[in-house]
Amino acid sequence: SAAKPANFLRSIIERELQEGVYAQRQWGGAPGDAASHQAGSADPARVRLRFPPEPNGYLHIGHAKSICLNFGLARDFGGVCHLRFDDTNPEKEEQEYVDAIIEMVKWLGWDWNFQGTEHLYWASGYFDFMYRAAEHLIERGLAYVDEQTPEQMRANRGDFTTPGTDSPFRHRSADENLARFRAMRAGEFPDGAMVLRAKIDMASPNINLRDPALYRIKHAHHHATGDTWCIYPMYTYAHPIEDALENITHSICTLEFEDQRPFYDWLLARLTEGGLLNAPAPKQHEFGRLNLTYVITSKRKLKALVDEGHVQGWDDPRMPTLAGLRRRGYTPAAIRKMAEDTGASKSNIWLDYSVLEGALRADLEGQAARAMAVIDPVPLTLTNWAELYGAEHREPCGAPAHPQLPELGQRSFSLGPEVWIDRDDFAEVPPKGFFRLFPGNKVRLKYGMVVECTGCEKDADGRVTRVLATVVPDTKSGTPGADAVKVKGTITWVGQHDGIAAELRLFDRLFSQAQPDAGDADFRDALNPASKTVVTGYVEPSLATAAPDTRFQFERHGYFVTDRKDHQAGAPVFNRVTTLKDSWGK
Ligand code: ATP
Ligand code: MG
Ligand code: MG
9 SAAKPANFLR SIIERELQEG VYAQRQWGGA PGDAASHQAG SADPARVRLR
59 FPPEPNGYLH IGHAKSICLN FGLARDFGGV CHLRFDDTNP EKEEQEYVDA
109 IIEMVKWLGW DWNFQGTEHL YWASGYFDFM YRAAEHLIER GLAYVDEQTP
159 EQMRANRGDF TTPGTDSPFR HRSADENLAR FRAMRAGEFP DGAMVLRAKI
209 DMASPNINLR DPALYRIKHA HHHATGDTWC IYPMYTYAHP IEDALENITH
259 SICTLEFEDQ RPFYDWLLAR LTEGGLLNAP APKQHEFGRL NLTYVITSKR
309 KLKALVDEGH VQGWDDPRMP TLAGLRRRGY TPAAIRKMAE DTGASKSNIW
359 LDYSVLEGAL RADLEGQAAR AMAVIDPVPL TLTNWAELYG AEHREPCGAP
409 AHPQLPELGQ RSFSLGPEVW IDRDDFAEVP PKGFFRLFPG NKVRLKYGMV
459 VECTGCEKDA DGRVTRVLAT VVPDTKSGTP GADAVKVKGT ITWVGQHDGI
509 AAELRLFDRL FSQAQPDAGD ADFRDALNPA SKTVVTGYVE PSLATAAPDT
559 RFQFERHGYF VTDRKDHQAG APVFNRVTTL KDSWGK
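Laid out in structure tokens, this is it:
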């Protein structure tokens, strides 16, 4: 098999497994329960990773990179990857997002079951432990309640060139701080009145170590804990604890968290030496974000596209959300392949969208059933049909559903005197190199017969309303002598007597700029006004019974999928997944 793409995380895990870094680890019990955490037996999972989304939006293609990386490493090293909802922000999180995240991680082909245990967790499940750990830090003089205003705090933090200034509240006694913190928890103060901060170093060159906030007051209802809490842990405080309680070995995140790592290590070292957590603590490793050209991967901006009506929902087939990509007809295998092929590195990468689309085409080529369809229909009349065969005659035609997969069976349809062809398969005056229908030229109707074009009919505006041709006898595909008449062109078609009218949704890129949100640019200005076109076309009768979410290759036209929401027998709706050739060229 091909060499694996560069992935520095893989090398780190291999080395640590060889050195037995995690072999002596004792753990067990339920995450969040520090007592049982202290006591367990050696974990059978050699490595533990996690994917920790915040349920404040739908997953996008960037998240898929992180999902495949974490779950993929767990699989490759005989470990487990947890799905953990980082629900420490009570106001922005919704059940709809939770459900969608679970659905899409599963859809991508991953699960969080290890040896019969479901490893799905909630940050809010650890609120009790986090609170206890905060009191522990206060008791040891490692945290204090700061009552400066947010403006004072910001001013006193300093910047890259200026050290910070100690808060006047920094030197209170542990007892005073404890009393203050308990009063915070009891709901005695309004939002923003004070915060709990770690006491580290206001002069640290790393601004993240200048006494970062651990808890803030927020009188907000939480989807899981209700009104139990009016103080909530900050992400930077919560996240290392979540990792430690779940016995995560490698906490993988994107590069922007690099400056947070010293605090991650500081916090877990303090709690480990204090006996609240086991050693060795998890380690954070940062890798480069994946960016794709022509899309945006920011939940906030994607939410704006939905809320402002630029697209029809999070699962609009033009959206780079996983729900959108699925509805568009992307396969989990194609997305996993893209993620695998991009490895993991220490720098952010920009991937050409055509790479993802290429992975999709490669996957669909080998599995999608073929069908004929006409996207921009114009009638073709075979004027000598009645004379040759009788007006009522229908010539049975057939083809394999897939040229390499006989198990997919045969499709059948028939040829009659009136068919639909694509408008651009006819030219009254052929451009150079045009081998399809023009007066005097012969082409094969694919799987059918050779016809010779005799002319066309036009309306008052000169628009072609009908193409005329005659059948060349004894040229039926698959019959002896069918090839005696040589033609340079073969065109696809659908019989008017058995074709099915279908709504075809044709998509183009949502943005016309390769980096729609680069710099200060407003991504709205880069929206492509022609990103969606809806037409009525015709498809061959074998598609009458297609189930929703079924992919096809419409011969010569591209891949299409029956829309998972709107398609029904009797009212078919197809989304164009992609054309057959790369159209993203630079
Ligand atoms: P957004 O900025 O879109 O809100 P996020 O990173 O804040 O995304 P989370 O729900 O916190 O969203 O993300 C869960 C995980 O997915 C994090 O570990 C994050 O680093 C990772 N992730 C998000 N976007 C990308 C990306 N483009 N490439 C790789 N990993 C990503
Ligand atoms: Mg986040
Ligand atoms: Mg973010």
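This note's numbering puts the first residue of the sequence shown at 9, with every later residue one more than the last. Ideal placement from N, C-alpha and C gives every residue a C-beta, glycine not left out. Keep in mind it's a predicted model, so treat the numbers as computed, not measured.
Query: Tell me whether Leu-298 counts as near ligand 1, meaning its Cβ is closer than 7 Å to at least one heavy atom of that ligand.; Result: yes
Query: Tell me which residues share the same chain as Ser-175 and place their Cβ nearer than 7 Å to its Cβ, disregarding the 5 neighbours each side in the sequence.; Result: Asp-154, Gln-156 and Asn-164
Query: For Gln-268, does the three-state DSSP call read helix, strand or coil?; Result: helix
Query: Does at least one heavy atom of ligand 1 sit under 7 Å from the Cβ of Ser-420?; Result: no
Query: What I want to know is whether the C-beta of Ser-132 ends up closer than 7 Å to one or more non-hydrogen atoms of ligand 1.; Result: no
Query: Per DSSP, which residues does Tyr-223 bridge with? Please list them.; Result: Leu-204 and Pro-241
Query: Sorry if obvious, but does the Cβ on Arg-308 come closer than 7 Å to a heavy atom of ligand 1?; Result: yes
Query: On the criterion of 16 or more Cβ atoms from any shown chain inside 10 Å, does Gly-172 qualify as buried, or is it exposed?; Result: buried
Query: Measuring from the CB of Cys-89, is there a heavy atom of ligand 1 at a distance below 7 Å?; Result: no
Query: If I follow the unbroken beta strand (DSSP E) through Ala-407, where does it start and stop?; Result: 403 to 408
Query: Between Lys-73 and ligand 1, is there a pair consisting of the residue's CB and a ligand heavy atom that are separated by less than 7 Å?; Result: yes
Query: Under 7 Å from any heavy atom of ligand 1, does the C-beta of Glu-403 make it?; Result: no
Query: With hydrogens ignored, establish whether the beta-carbon of Glu-62 is closer than 7 Å to any heavy atom of ligand 1.; Result: yes
Query: Starting from Leu-359, follow its DSSP beta bridges and name the residues at the other end.; Result: Leu-300
Query: Return yes when the Cβ of Ala-555 is within less than 8 Å of the Cβ of Ala-347, no when it is not.; Result: no
Query: Need the endpoints of the beta strand (DSSP E) that Trp-130 sits in, please.; Result: 128 to 130
Query: Between which two residues does the alpha helix (DSSP H) carrying Tyr-134 extend?; Result: Premise fails: Tyr-134 is in no alpha helix (DSSP H) and is neither H nor E.
Query: Between Ala-246 and Ser-520, what straight-line distance do the alpha-carbon atoms span, to the nearest angstrom?; Result: 40 Å
Query: Relative to the C-alpha of His-227, which residue among Pro-213, Leu-204, Met-242 and Gly-200 is closest?; Result: Gly-200
Query: Does the pairing of the stretch 91 to 106 with the stretch 115 to 131 give three or more beta-carbon distances under 8 Å?; Result: yes
Query: Does the Cβ-Cβ distance between Arg-572 and Arg-335 come in under 8 Å?; Result: yes
Query: State the Cα-Cα distance for the pair Ala-211 and Ala-14, rounded to the nearest angstrom.; Result: 38 Å
Query: Buried or exposed for Arg-444, please, with buried defined as at least 16 other CB atoms from any protein chain shown within 10 angstroms of its CB.; Result: buried
Query: Quick one: is the Cβ of Asp-94 within less than 7 Å of any heavy atom of ligand 1?; Result: yes
Query: What are the boundary residues of the alpha helix (DSSP H) that Ala-191 is part of?; Result: 182 to 193
Query: Alpha helix (DSSP H) containing Gln-160: first to last residue?; Result: 158 to 165
Query: Within a Cβ cutoff of 6 Å, which residues of the same chain sit near Leu-186, ignoring the five residues on either side of it in sequence?; Result: Ile-146
Query: Is Cys-261 near ligand 1, with its Cβ less than 7 Å from a heavy atom?; Result: yes
Query: Look at the alpha carbon of Asn-536 and the alpha carbon of Lys-450, and state the distance between them as a whole number of angstroms.; Result: 40 Å
Query: Report all residues from its chain with a CB closer than 8 Å to the CB of Lys-354; omit the five preceding and five following residues, and keep chain order.; Result: Phe-16, Leu-263, Glu-294, Phe-295 and Gly-296
Query: Do the stretch 405 to 412 and the stretch 520 to 534 touch if we need at least three Cβ pairs shorter than 8 Å?; Result: no
Query: Alpha carbon to alpha carbon, how far is Glu-99 from Gly-503?; Result: 56 Å
Query: Sorted by chain position, which residues of the same chain lie with C-beta nearer than 8 Å to Gly-578's C-beta, five sequence neighbours on each side aside?; Result: none
Query: Once you ignore the five residues that flank Asp-371 on each side, which residues in its own chain have a CB closer than 8 Å to its CB?; Result: Thr-339, Ala-341, Ala-342 and Lys-345
Query: According to DSSP, simplified to helix, strand and coil, what is Phe-515?; Result: strand
Query: Note the first and the last residue of the continuous beta strand (DSSP E) segment covering Asn-536.; Result: Counting along the chain, Asn-536 falls outside any beta strand (DSSP E), and DSSP gives it neither H nor E.
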